[in-house]
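Following: one structure in structure tokens, then a few remarks.
Numbering (this note's numbering), first residue to last: -4 to 382.
Spelled out as structure tokens, the structure:
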């Protein structure tokens, strides 16, 4: 049973001794402070979206036109926020969504390790990105006893793709999350105006530079000729995937396969038919395509189409209230993205853990006040369109 909401008592009791929180508990203040800590170039990349950022902004705003009706006279003195996924019981329904520039978010440029340590501290699983400043093996080790998942940007070179997948398996990751919507980068004005694409400057490419298959493609090691290594990365990044590729994925790994980027119910059905173990409903936080519909508005249809196959969700989650609404729509697990990366910027592992705990505390207290002692009760309550 969870008592995540007890965090507020700890904060109030510390205040009696004149101790204020090191980090904010609300997203608006967190974002403001994190942008100051990250500086303009990193803020452009982490906070920016595609086009005029309408889809990105809609992702967050759309939660406000969904509401939940509270139920009274229900014993919610204890709440259970645990979920079953990939054969494992997780204490919470949250996970840390893959963020490709985590590595640069901390002062020591080892943000992937800090995110992994936050996962170990909170029990919230970390979905580690292919784009990282530390090898995926070291990141998994830093997660401690908390299971971790590996997100794959599928390279054009299948031998390299298989090598990355095999490394993830050998390192002990519990699921393979295949991103579908990033074989080409979306139009991101903030980065374009600053002429800044971090990977082309050699950032977050350690998983490639440390891979034996990738290194075999180079005339000289990355340490001796980083420019050539970066060029080779750019030439191999971004395989266009089709449904026919699912047979290959199933042939090279026994890990559960999660397809990330599914927003249409027909695609959800096709994913199930081709053997996906979970569907990840996401529009990449509005970073890859503008003009889309907020992902929360698409979630219910995806869940219905997926049937018994679990649906993961992200895009626009800023609070515990947002997370509970997505759970009420039928999502099995909820991905938190920018908020925890902002926590990394402010305080490394401790900052990210604080953000995750704040979101869990709000979710726990919402369930308590609204009369939902379990996530099954949350799903039974559902949501209503309010505007």
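No residue lacks a Cβ here, since even glycine has one placed at the ideal position from N, Cα and C.
Beta-bridge pairing of residue 79 - partner residues as DSSP gives them: In the DSSP output, where bridge partners are listed per residue, residue 79 has 84.
Alpha-carbon to alpha-carbon, residue 48 and residue 229: Looking at the two C-alpha atoms, the distance is approximately 25 Å.
Beta-carbon separation (whole angstroms), residue 45 vs residue 284, contact threshold 8 Å: Right, the Cβ-Cβ distance comes to about 6 Å (below 8 Å), so this counts as a contact.
DSSP state of residue -4 mapped onto helix, strand, coil: Interpretation of residue -4 is limited by its pLDDT of 47, a score under 50 that renders its predicted location unreliable; no figure is taken from the coordinates.
Beta-carbon proximity of residue 315 to residue 357, cut-off 7 Å: Yes. Within cutoff.
Buried versus exposed, by CB contacts within 10 Å (16 or more), residue 290: Looking at its Cβ environment, which holds 16 or more other Cβ atoms inside 10 Å, residue 290 is buried.
CB contact flag (residue 93, residue 146, <7 Å): In this structure, residue 146 lies closer than 7 Å to residue 93 by Cβ.
According to DSSP, residues forming a beta bridge with residue 121: In the DSSP output, where bridge partners are listed per residue, residue 121 has 91 and 143.
Three-state secondary structure (DSSP) of residue 389: The chain is shown from -4 up to 382; residue 389 falls before or after that span and cannot be answered.
Nearest neighbour of residue 383, chosen from 21, 198, 26 and 220 [CA to CA]: Lying before the first or after the last residue shown, residue 383 is absent from the chain, which here runs from -4 to 382.
Minimum C-alpha distance to residue 121 - residue among 155, 149, 172 and 154: It is 172.
Sequence ranges, beta strand (DSSP E) only - wholly within the segment 151 to 185, length at least 3: List check, beta strand (DSSP E) in window: 171 to 174.
Sequence-distant residues of the same chain with beta carbon closer than 6 Å to residue 33, five excluded per side: Excluding its 5 nearest sequence neighbours in each direction, residue 33 has C-beta neighbours in its own chain below 6 Å: 340, listed in chain order.
Rounded C-alpha distance that separates residue 247 from residue 163: Residue 247 and residue 163: Cα-Cα distance of roughly 12 Å.
Nearest-angstrom Cα separation, counted from residue 181 out to residue 65: Between residue 65 and residue 181, the C-alpha separation is close to 40 Å.
Cβ-Cβ distance between residue 255 and residue 141 below 7 Å: For residue 255 and residue 141, no; Cβs fall outside 7 Å.
DSSP bridge partner residues for residue 330 (one or two, in chain order): The partner list for residue 330 (beta bridge, DSSP) reads 90.
Straight-line Cα distance separating residue 279 from residue 386: It is not possible to answer for residue 386, since the shown part of the chain is limited to -4 through 382.
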